Ligand code: BV8
Ligand code: ZN
């Protein structure tokens, strides 16, 4: 644990005060919150995308061109996630949800670790690695095989199954992005955690909260394009910072 400088201590104290007063909180998380669970992030040091270009693999064209290659990448990621466990950052957000009257967790992650940590009201903007969808009959199935028995996996109708995630160029689920936008516009405190804030429309949510008058606190290992706009940008690991923020609401009785 790095010895925080005076200003970092002051920033943390300010964030804890806003947390203690908040009646409604919305949170946007990205791959950074799962990094301490051993899941590589997309960008930044050791990121997934460093070996692949997003355009190459996380697109409908890539899947249509070579479903086997696409599935080999997703099968590898599913196996990485299956071996991972939620970390103290996920747990802190699950605890916050139990103690704050209105709490919405919006995630870009597809690993399912927020639910595994006990979070209940989770909006998965980019879908889930564990849901598959048939390209022929559109049936959706939950599949936890790691590794997959057959690559590419097939639907009972014989059609090809694709990962139930949102690829570049694809629209996000309308209900998910609408619910997320509503939560961002209504909250009094918005936390944005472990995201490089470059993928839209998810990255527009912190701005929406800001314009609606919420206090916005970023928690991230490195600066992002949003760091300047945030009221506070706490530099460090989410697995260390979030539990220290959650302490601020420990005086309240759990609501559920
Ligand atoms: C859409 C799939 C339209 C699932 C993903 C030009 C300008 C603006 C926008 C665009 C543009 N060109 C194209 C677009 C649109 C495009 C986009 O935003 N592109 C970007 C790259 C410029 N967006 C889309 O295509 C979206 N769809 O716009 O559709 C439309 C509308 C109607 C009808 C039809 C079409 C779809 C976007 C979703 C793409 N899918 N993934 C999967 O395989 O995972 S995106 C991918 O990036 C993941 O979902 C990931 O969640 C997401 C964002 O990445 P992050 O989560 O932020 O992760 P990253 O590694 O980048 O950053 C991690 C951060 O954590 C770092 O800052 C690091 O420092 C920090 N960190 C690391 N460790 C820690 C930590 N922080 C704290 N603690 C730690 N321990
Ligand atoms: Zn089918």
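Numbering (the working numbering), first residue to last: 485 to 740. C-beta atoms are modelled at their ideal positions from N, C-alpha and C, and glycine is treated no differently. What you are looking at is a predicted structure, and each value in this text was computed from that prediction instead of being measured.
With a cutoff of 8 Å on beta-carbon distance, residue 513 and residue 677 are scored as near each other.
The closest heavy atom of the ligand BV8 lies 7 Å or more from the beta carbon of residue 634.
DSSP, read as helix, strand or coil, puts residue 552 in helix. In the three-state reduction of the DSSP assignment, residue 703 falls in the strand class.
With a beta-carbon spacing of about 4 Å, residue 573 and residue 722 fall inside the 8 Å limit used to define contacts. Take residue 708, set aside five residues on each side of it, and the residues of its chain with a beta-carbon closer than 6 Å to its own are 680 and 681, in chain order. If you look at residue 723, you'll find it in the alpha helix (DSSP H) that goes 722-730. Counted as a single uninterrupted DSSP element, the alpha helix (DSSP H) harbouring residue 694 occupies residues 688-695. The ligand ZN approaches residue 623 closely enough that one of its heavy atoms is under 7 Å from the residue's Cβ. Along the segment 553-609, the beta strand (DSSP E) occurs as fully enclosed runs of 3 or more residues at 586-591 and 606-608, listed in sequence order.
Relative to residue 523, the option among 565, 543 and 661 whose CA is nearest is 565. Your pair residue 555 and residue 636 checks out as a contact, with CB atoms roughly 5 Å apart and the cut at 8 Å. Between residue 727 and the set 692, 537, 517 and 604, the nearest pair of CA atoms involves 517.
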